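Structure (structure tokens):
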């Protein structure tokens, strides 16, 4: 069973920063598009950002300029640095590993991010 291990969530004030981390098995990480999704209360899960094995990144419009996704191939870990956080960023954040071609799709357990004063 493939496990994606997330960490870094928590409570932060508006305007603050957090960094989420997600570690994956090497064999999965090396060939997957790694992404972060979020699910706000009462809403559907949505893509936040993704990064390909070659380093190409994609961002949701709502987080462009505030969030930065990166991957460390030596540590098999993907990060998302979140800055200028807003209350509307409050959600459960999920790590995802997607093997291209629809071969497989793996999810982490989710980590709560709450932005509130």
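In the working numbering, the protein residues as written are 5 to 121. Even glycine gets a Cβ: it sits at the ideal position worked out from N, Cα and C. Quantities reported herein were computed from a predicted structural model and do not represent experimental measurements.
Burial of residue 75 is indicated by the presence of at least 16 other C-beta atoms within 10 angstroms of its C-beta. Exclusion of the five residues before and after residue 116 leaves 13, 96 as the residues of its chain whose Cβ lies within less than 7 Å of its Cβ.
Taking the C-beta atoms as reference points, residue 37 is found nearer than 7 Å to residue 102. The DSSP-derived three-state label of residue 31 is helix.
Between the segment 47-57 and the segment 75-85 there are three or more C-beta pairs closer than 8 Å, enough to call the two in contact. It is roughly 7 Å from the alpha-carbon of residue 109 to the alpha-carbon of residue 100. Here residue 9 really is in contact with residue 26; their C-beta atoms are around 7 Å apart, less than 8 Å. Between residue 24 and residue 16 a beta carbon distance of about 12 Å is seen, past the 8 Å cut, so the two are scored as non-contacting.
By the 16-neighbour rule on beta-carbons within 10 angstroms, residue 106 is exposed.
Residue 94 holds the alpha-carbon nearest to the alpha-carbon of residue 50 among 104, 120, 94, 119. Taking C-beta separations shorter than 8 Å and ignoring five residues to either side along the sequence, the partners of residue 63 in its chain run 52, 53, 71, 73, following chain order.
By the CB criterion at 7 Å, residue 119 and residue 18 fall inside the cutoff.
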